[in-house]
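What follows is a single structure, written as structure tokens, with notes after it.
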Ligand code: UDX
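Below is the structure:
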């Protein structure tokens, strides 16, 4: 596994747990030293235990020597970073190609080289050319095996996937049967649980990853637009999501309205898909609209919050519950909290913020004045004029409206994740607003627990 970042580490630990022998190559010295001690540099529930157990069982090891890791390997995964290239929406493939060259030089016999990083369509073939050029005599196959891991539930997603996609070079005589056979063996435990394992061409596999993430992003932008419409016409977006989601063709998941999606994948992959389409001379208007709706939504949240605070936040203290782009992660990339908090501070608000995991990552991204970091949510709420829920961590759900009311100085609660029951908030005397639900509470419009099981 070349790369011990998020994707590489989770995949390596899970492949080891499947019984495979896995050597991870990590060239960052600090990261490597930590990993060797079983310290996990990322926040992912269950990963520390999985890594420790598999190190102990001698199935998982870490090093910085590619040649050592590659020797005798049947499959070599490239799981290095593909950050967005400066400004143009393209994935930066420098690290992927550099890793491919090092792997090519180090290989001693047949292996299948697999891209695990999210890479644009055609990258597998380009890597194949690089390897063939450097080592014309070398026998190898190329495969693409995109990950569909969600931060916070990555291990479950790997162990019990909706599907595994494996692209191989189907132009080759035999359709790269040898590569498919190796990949089948790697994923053998998934055959037992009957997870669908889909073999495709390299190009289809590469595109599936972008199309899946773009479609999910589109579902979120769609439900967010519907939430706005619900507010205008007095409908309830939870009832709407359930009513459309029970149609199996639509599906219930990813219909939870909120402040707009963030994270490391949707913002990056939607832009990358647009670039891929543009270069191929194809249209991607739905994805473009998805991105526009999301950007506009994040930008408009500040105004919504100010309106809920009576049109002005100057001199007001706002408790912020949650900073990360979603719960169960410390990841702040493209989190809605960033533009929202900047806007509120620019308009004179004092912020008392709490996030269970994201505060260290948040500090450099948020204003360095007028933001106080608190020890927990009740601490943040103490003396606040308003509470603003930005991430739906479970520990915030457990706080009773009466308790919040008792801690606060004001009464305003703005819940951009719909975690509270409007009727209960009303009973406690709070001035509660949420997303896509009528302000006047009705008994049947409680926060739906299944809506967050997305
Ligand atoms: C996503 C994909 O789900 C995963 O398959 C892919 O491999 C990587 O990208 P991740 O970014 O970890 O995973 O988070 P996800 O749970 O998909 O949420 C992404 C964003 O969408 C979050 O900001 C979340 O709050 C938001 N979201 C999600 C909604 O606003 N509503 C929903 O219904 C679902």
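In this note's numbering, the protein residues as written are 113 to 566. Quick reminder that beta carbons are idealized off the backbone N, C-alpha and C, glycines included.
Reference residue 172; option with closest CA among 142, 138, 197: Walking along the chain shown from the start, residue 172 turns up at place 60. When each option's Cα is compared against that of residue 172, the closest is 138.
So the beta strand (DSSP E) residue 252 belongs to, where does it begin and stop? For this step, residue 252 is matched to residue 140 along the chain shown. Start and end: 252–256.
Please confirm whether residue 156 and residue 264 have their CB atoms less than 9 Å apart. As a working note, residue 156 is residue 44 in the chain shown. As a working note, residue 264 is residue 152 in the chain shown. In this structure, residue 264 lies closer than 9 Å to residue 156 by Cβ.
Let me know the secondary structure DSSP gives residue 436 once reduced to three states. As a position in the chain shown, residue 436 is number 324, starting the count at 1. Residue 436: coil per DSSP, three-state reduction.
What do you get for residue 229, buried or exposed, if any count of 16 or more other CB atoms within 10 angstroms of its CB means buried? Translated into positions along the chain shown, residue 229 becomes position 117. With 16 or more other Cβ atoms within 10 Å, it is buried.
Would you mind sorting residue 391 into buried or exposed? The rule is 16 or more other CB atoms within 10 Å of its CB. The residue given as residue 391 occupies position 279 in the chain shown. The residue is exposed, with fewer than 16 neighbouring Cβ atoms inside 10 Å.
Cβ-heavy atom distance between residue 259 and the ligand UDX below 8 Å? Locating residue 259 in the chain shown gives position 147, counting from the first residue. Residue 259 Cβ: within cutoff of the ligand UDX.
Pick from 499, 399, 190: whose alpha carbon is nearest that of residue 216? Translated into positions along the chain shown, residue 216 becomes position 104. Ranking 499, 399, 190 by Cα distance to residue 216 puts 190 first.
Can you name the start and end residues of the alpha helix (DSSP H) that residue 213 belongs to? Numbered from 1 along the chain shown, position 101 holds the residue referred to as residue 213. First-last of the alpha helix (DSSP H) with residue 213: 206–218.
Cβ of residue 415 within 8 Å of any heavy atom in the ligand UDX? Within the chain shown, residue 415 is the residue found at index 303, counting from 1. Not so, every heavy atom of the ligand UDX lies at least 8 Å from the Cβ.
Let's test the definition: count the other Cβ atoms within 10 Å of the Cβ of residue 210 and tell me whether it reaches 16, buried, or not, exposed. In the chain shown, residue 210 corresponds to position 98, counting from 1. Burial call: exposed.
Less than 8 Å between the CB of residue 120 and some heavy atom of the ligand UDX, yes or no? Locating residue 120 in the chain shown gives position 8, counting from the first residue. Flag unset: Cβ of residue 120 not near the ligand UDX.
Looking only at C-alpha atoms, which of 292, 356, 333 sits nearest to residue 406? One-based indexing of the chain shown puts residue 406 at position 294. 333 is the residue among 292, 356, 333 whose C-alpha sits nearest the C-alpha of residue 406.
Would you please state the rounded distance, in angstroms, between the beta carbons of residue 261 and residue 399? I believe it to be under 8 Å. Indexing the chain shown from 1 puts residue 261 at position 149. Indexing the chain shown from 1 puts residue 399 at position 287. Contact check for residue 261 and residue 399: beta-carbon distance about 21 Å, past the 8 Å limit, so the pair fails to qualify.
Residue 410 to residue 153 span [Cα, whole Å]: Counting from 1 along the chain shown, the entry for residue 410 is found at position 298. Counting from 1 along the chain shown, the entry for residue 153 is found at position 41. For residue 410 and residue 153, the distance between alpha carbons rounds to 29 Å.
Status (buried if at least 16 other CB within 10 Å, exposed otherwise) for residue 102: Residue numbering for the chain in the displayed model covers 113 to 566; residue 102 lies beyond these limits and cannot be assessed.
May I ask whether a heavy atom of the ligand UDX can be found less than 8 Å away from the beta carbon of residue 449? Working through the chain shown from its first residue, we reach residue 449 at position 337. Taking the Cβ of residue 449 as the reference point, every heavy atom of the ligand UDX lies at 8 Å or farther away.
Does the beta-carbon of residue 378, which I'm using as the reference point, lie nearer than 8 Å to any heavy atom of the ligand UDX? In the chain shown, residue 378 corresponds to position 266, counting from 1. Yes, the beta carbon of residue 378 sits closer than 8 Å to at least one heavy atom of the ligand UDX.
Within this structure, are the beta carbons of residue 435 and residue 413 separated by less than 9 Å? As a first step, residue 435 must be located in the chain shown, where it is residue number 323. As a first step, residue 413 must be located in the chain shown, where it is residue number 301. Their beta carbons are not under 9 Å apart, which means residue 435 does not touch residue 413 by this criterion.
From what residue to what residue does the alpha helix (DSSP H) around residue 317 run? Within the chain shown, the letter at position 205 stands for residue 317. According to the DSSP assignment, residue 317 belongs to the alpha helix (DSSP H) that extends over 314–345.
Tell me whether residue 253 is buried or exposed, calling it buried when 16 or more other Cβ atoms sit within 10 Å of its Cβ. The sequence position of residue 253 within the chain shown is 141, counting from 1. By the Cβ neighbour-count rule, residue 253 is buried, with 16 or more other Cβ atoms within 10 Å of its own.
Continuous alpha helix (DSSP H) stretch holding residue 302: start and end: The residue given as residue 302 occupies position 190 in the chain shown. That run of the alpha helix (DSSP H) goes 300–304.
Tell me the residue span of the alpha helix (DSSP H) that contains residue 139. Stepping through the chain shown from its first residue, residue 139 is reached at position 27. Element bounds for residue 139: n/a, residue is neither H nor E.
Where residue 118 sits in the DSSP three-state scheme: Within the chain shown, residue 118 is the residue found at index 6, counting from 1. In the structure shown, residue 118 sits in a helix (DSSP, three-state: H, G or I).
In this structure, does DSSP put residue 527 in helix, strand or coil? Within the chain shown, the letter at position 415 stands for residue 527. Collapsing the DSSP output to three states places residue 527 in a strand.
Following a CB-centred definition, is residue 263 positioned closer than 8 Å to any heavy atom of the ligand UDX? For the purposes of this step, residue 263 is identified with residue 151 of the chain shown, where counting begins at 1. Correct: residue 263 has its Cβ closer than 8 Å to the ligand UDX.
When every heavy atom of the ligand UDX is checked, does at least one fall within less than 8 Å of the C-beta of residue 367? Here the question's residue 367 lines up with position 255 in the chain shown. Answer for residue 367: yes, Cβ within range of the ligand UDX.
Beta carbon of residue 336, beta carbon of residue 372: below 9 Å? Numbered from 1 along the chain shown, position 224 holds the residue referred to as residue 336. Numbered from 1 along the chain shown, position 260 holds the residue referred to as residue 372. Closer than 9 Å, so yes.
So, for residue 178: in the same chain, excluding its five sequence neighbours on each side, which residues have a beta-carbon less than 6 Å away from its beta-carbon? Taking the chain shown and counting its residues from 1, the one referred to as residue 178 is at position 66. The answer, listed in chain order, is 137, 214, 218.
Leaving out five residues on either side along the sequence, give the residues of the same chain with a beta carbon under 6 Å from the beta carbon of residue 484. Your numbering for residue 484 matches position 372 in the chain shown. Only 464 meet the Cβ criterion.
Between the C-alpha atoms of residue 551 and residue 520, what's the straight-line distance to the nearest angstrom? As a working note, residue 551 is residue 439 in the chain shown. As a working note, residue 520 is residue 408 in the chain shown. If I take the Cα positions, the gap works out to 20 Å.
Just to check, is the beta-carbon of residue 325 closer than 8 Å to a non-hydrogen atom of the ligand UDX? Position 213 of the chain shown, counted from the first residue, corresponds to residue 325. Yes, the Cβ of residue 325 comes within 8 Å of a heavy atom of the ligand UDX.
Give the secondary structure of residue 464 by DSSP, where H, G and I count as helix, E and B as strand, and everything else as coil. For the purposes of this step, residue 464 is taken as the residue at position 352 of the chain shown. Strand.
Within 10 Å of its beta-carbon, does residue 529 have 16 or more other beta-carbons around it, so buried, or fewer, so exposed? On the chain shown, position 417 is the one that residue 529 refers to. Burial call: buried.
On the DSSP bridge list, what partners appear for residue 310? Taking the first residue of the chain shown as 1, we reach residue 310 at position 198. For residue 310, which the question treats as bridged, DSSP gives the partners 277.
Cβ neighbour criterion (16 or more within 10 Å) applied to residue 455: Taking the first residue of the chain shown as position 1, residue 455 is located at position 343. Its Cβ being crowded by 16 or more others within 10 Å, residue 455 is buried.
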